[in-house]
Amino acid sequence: MSLITALPDVFEQFSAARQKGFLTVMDLKEQGIPLVGTYCTFMP
């Protein structure tokens, strides 16, 4: 794993990971698989 110091590159990775997560959840729901999740709202 390499360290990315350019902020736009880092933001692009987070965006891609978030999109992949949403698509995975959508596929599981369409298959009728029950899901449970949590959402962290803690901010230091």
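Numbering (the UniProt record's numbering), first residue to last: 1 to 44.
We put the CB at the ideal spot given by N, CA and C, even for glycine.
Since we're looking at a predicted model, the values are computed, not measured.
Heavy atom of the ligand MN less than 7 Å from the Cβ of residue i, yes or no?
i     : result
ALA16 : Absent from the structure shown: the ligand MN. Ligands present: none.
With a threshold of 6 Å on Cβ separation, who are the neighbours of residue i within its own chain once the five nearest residues in sequence on each side are excluded?
i          : result
residue 47 : Past the boundaries of the shown model lies residue 47; the chain is included only from 1 to 44, so the question cannot be answered.
Rounded to whole angstroms, what is the Cα-Cα separation between residue i and residue j?
i     : j     : result
LEU3  : LEU23 : 27 Å
PHE11 : ARG18 : 11 Å
Let me know the secondary structure DSSP gives residue i once reduced to three states.
i     : result
LEU35 : coil
LEU3  : coil
PHE42 : coil
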